[in-house]
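Chemist: This is the structure I want to talk about, given as C-alpha cells.
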C-alpha cells in the first residue's frame, strides 16, 4: 500500500491556508519582516515520514536583547489531519469556523540567545 498525501489547514501570515504535502515532496513556508527592535525570519517545513506528517520550524532574528534563534518540531498521524476543531479553540473568531487542523504531538524544541550565552546565562 502506498503512502497518502497530507491535506490540512495551518495558520500562516495572519490567515488560514490549506496545504497539501505529497510523499517525497516536502513543503516549506518562509516569511521575514522588520520589527521595532530589528527583524525576524521564520521557516516552517512539512514532510511525510511513514504514517505521519512532521512539521519543523525555525525562527531567527534580532531584538533589543541581540540575536536569537529558536525552533522545534511536532508531528501528527496522517489519519488525523482534521482531528482538532478550531471553532472550539477560538469560539469568538468566525475565521475559525469550519477549520479542522491536525492533532499535533510535541516533538522537541531548541532556543539560543547569543548575548545571554556571552553573558554566561
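In our numbering, the protein residues as written are 16 to 136.
We put the beta carbon where it would ideally sit given N, CA and C, even for glycine.
By the DSSP assignment, the alpha helix (DSSP H) with residue 21 in it spans what residues?
Modeler: In the chain shown, counting from the first residue as 1, residue 21 sits at position 6. Counting along the chain, residue 21 falls outside any alpha helix (DSSP H), though it belongs to the beta strand (DSSP E) covering 21-27.
Chemist: Give the DSSP-derived three-state secondary structure of residue 120 in the structure shown.
Modeler: Here the question's residue 120 lines up with position 105 in the chain shown. Three-state result, residue 120: strand.
Chemist: Need the endpoints of the beta strand (DSSP E) that residue 64 sits in, please.
Modeler: Indexing the chain shown from 1 puts residue 64 at position 49. Looking at the DSSP string, the run of the beta strand (DSSP E) that includes residue 64 is 53-64.
Chemist: Hey, could you find the ends of the beta strand (DSSP E) residue 43 is sitting in?
Modeler: Residue mapping note: residue 43 aligns to position 28 of the chain shown, counting from 1. Residue 43 -> beta strand (DSSP E) spans 42-50.
Chemist: Rounded to whole angstroms, what's the CA-CA distance from residue 93 to residue 116? Just pull it up for me.
Modeler: Here residue 93 refers to the residue found at position 78 of the chain shown. Here residue 116 refers to the residue found at position 101 of the chain shown. Cα-Cα distance, rounded: 12 Å.
Chemist: Let me make sure I understand the geometry here. Which of 51, 54 and 62 has the alpha-carbon closest to that of residue 44?
Modeler: If you number the chain shown from 1, residue 44 lands on position 29. Comparing Cα positions, the closest option is 62.
Chemist: Quick one: what's got a C-beta closer than 7 Å to residue 53's C-beta in the same chain, skipping five residues either side?
Modeler: Locating residue 53 in the chain shown gives position 38, where the first residue counts as 1. Closer than 7 Å at Cβ, skipping near neighbours: 76, 77 and 78.
Chemist: Tell me whether the beta-carbon of residue 85 lies closer than 8 Å to the beta-carbon of residue 126.
Modeler: As a first step, residue 85 must be located in the chain shown, where it is residue number 70. As a first step, residue 126 must be located in the chain shown, where it is residue number 111. Result yes, Cβ atoms of residue 85 and residue 126 sit closer than 8 Å.
Chemist: Who are the Cβ neighbours of residue 16 in its own chain at under 7 Å, not counting the five residues just before and after it?
Modeler: The sequence position of residue 16 within the chain shown is 1, counting from 1. With a pLDDT of 47 at residue 16, under the threshold of 50, the modelled position of that residue is not reliable, and the figure given next carries that caveat. If we look at residue 16 and ignore the five residues flanking it on each side, it has no Cβ neighbours.
Chemist: For residue 209, write down the residues that DSSP places opposite it in a beta bridge.
Modeler: No answer is possible for residue 209: it lies beyond the span of the chain, which begins at 16 and ends at 136.
Chemist: Residue 64: buried (16+ other C-beta within 10 angstroms of its C-beta) or exposed?
Modeler: As a working mapping, residue 64 is identified with position 49 in the chain shown. That one is exposed.
Chemist: For residue 128, which residues of its own chain have a beta-carbon under 6 Å away from its beta-carbon, when the five flanking residues on both sides are left out?
Modeler: Counting from one through the chain shown, the residue named residue 128 turns up at place 113. Excluding residues within five positions, the ones whose Cβ falls inside 6 Å are 83.
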